[in-house]
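Sequential numbering from 1479 applies to the first sequence in our numbering. Virtual Cβ for every residue (Gly too), placed ideally from N, Cα, C.
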Amino acid sequence: MSKLPFSFYQNDDVNDLAVQLLGKRLFTRIDGQLTAGIIVETEAYKGVEDKASHAYGGRYTDRTKVMYENGGLSYVYLCYGIHHLFNVVTAPKETPHAVLIRGLEPLTGVDLMMERRGMSVLKPNITAGPGALAKAMGIDRLLNAKDLTGEEIWIEEAASDWQSAEIVAGPRIGVDYAADHALLPWRYYLKGNKYVSKPNS
DNA sequence: CGCCCGATCTGCT
DNA sequence: GCAGATCGGGCGG
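And the structure:
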């Protein structure tokens, strides 16, 4: 066990941190049931100056307030009324940066992930995409604002064979509304991995 | 208080 | 390729 420490999440360069999260292992233990996957796709959301961020312009509400906490907490919210999306809050207190986890390669508890997804045959879309992976990992709003060094949801160091995977950067997905920030290449993924939500762009 | 729409996924065409 | 699902947040009145 090599859980990432509190200090890892205090980095205030959210793009650097989004890249560093690739290859690391996300775990949840829900009702005693362990599931885990390797992070293969992330997106950086750069706080108050990023038009695609929920904290753009300093917006501070019941939903977004956790983004302003110290790095190392979860930010889970409901999107389109259906999907829960999981983010890692980063940077020191008052700097509302976050990294959206968009793709995961299943590692542990795959049978349970399939059951949660209602799948009888394992296919890459089990955890390709932020809504899909949250469902597979059992992540919902009850896991919002959790300490990522705790016992319910946490991230561990990458296995050695994942530290040299090739990384690609491209525009973020589904943020056309962010106007001149929509094309910033703040999405990162492992080249060729099956569990990346969209292979191109 | 009411209206609009979203960091998406699925299934049908 | 595209519409529908589904509901809470955010903002204007």
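Does DSSP put residue 1531 in a helix, a strand or coil?
Within the first sequence, residue 1531 is the residue found at index 53, counting from 1. In the structure shown, residue 1531 sits in coil (DSSP, three-state: anything other than H, G, I, E or B).
Here's the rule I'm using: 16 or more other beta-carbon atoms within 10 Å means buried, otherwise exposed. How should residue 1608 be labelled?
Taking the first sequence and counting its residues from 1, one reaches residue 1608 at position 130. It is buried - the Cβ of residue 1608 has at least 16 other Cβ atoms within 10 Å.
Tell me whether residue 1624 sits in a helix, a strand or coil according to DSSP, three-state version.
Position 146 of the first sequence, counting from 1, holds the residue named residue 1624. If DSSP states are grouped into helix, strand and coil, residue 1624 belongs with coil.
Can you say whether residue 1484 is buried or exposed, counting buried as having 16 or more other CB atoms within 10 angstroms of its CB?
Position 6 of the first sequence, counted from the first residue, corresponds to residue 1484. Under this definition residue 1484 is an exposed residue.
According to DSSP, is residue 1617 part of a helix, a strand, or is it coil?
Your numbering for residue 1617 matches position 139 in the first sequence. Coil at residue 1617, not helix or strand.
Could you name each continuous beta strand (DSSP E) segment of 3 residues or more that falls completely within the stretch 1562-1588, going from the start of the chain to the end?
1575-1586
Is the stretch 1544-1552 in contact with the stretch 1598-1616, if contact means three or more CB pairs nearer than 8 Å?
Touching, no.
Rounding to the nearest angstrom, what Cα-Cα distance links residue 1584 and residue 1670 in this structure?
Here residue 1584 is taken as the residue at index 106 of the first sequence, counted from 1. Here residue 1670 is taken as the residue at index 192 of the first sequence, counted from 1. Those two C-alpha atoms are separated by around 16 Å.
Would you please state the rounded distance, in angstroms, between the beta carbons of residue 1592 and residue 1604? I believe it to be under 8 Å.
Stepping through the first sequence from its first residue, residue 1592 is reached at position 114. Stepping through the first sequence from its first residue, residue 1604 is reached at position 126. Indeed they touch by this definition, with Cβ atoms about 7 Å apart.
For residue 1636 versus residue 1501, is the C-beta spacing smaller than 8 Å?
Looking up residue 1636 in the first sequence gives position 158. Looking up residue 1501 in the first sequence gives position 23. Yes, they are a contact pair.
Over the uninterrupted beta strand (DSSP E) stretch that includes residue 1660, give me the two end residues.
Stepping through the first sequence from its first residue, residue 1660 is reached at position 182. Taken as a continuous stretch (DSSP letters only), residue 1660 belongs to no beta strand (DSSP E), as it is neither H nor E.
Kindly list the residues whose CB is nearer than 7 Å to the CB of residue 1506, restricted to its own chain and excluding five residues on each side of it in sequence; keep chain order.
Taking the first residue of the first sequence as position 1, residue 1506 is located at position 28. Same-chain partners within the cutoff: 1513, 1615, 1616, 1617, 1630 and 1631.
C-alpha distance - residue 1572 paired with residue 1644, whole-angstrom precision
As a first step, residue 1572 is located in the first sequence; it is residue number 94 there, counting from the start. As a first step, residue 1644 is located in the first sequence; it is residue number 166 there, counting from the start. Going from the Cα of residue 1572 to the Cα of residue 1644 covers about 33 Å.
Thinking C-alpha only, which one of 1660, 1659, 1486 and 1517 is nearest residue 1586?
Working through the first sequence from its first residue, we reach residue 1586 at position 108. Minimum Cα distance to residue 1586 is reached at 1517.
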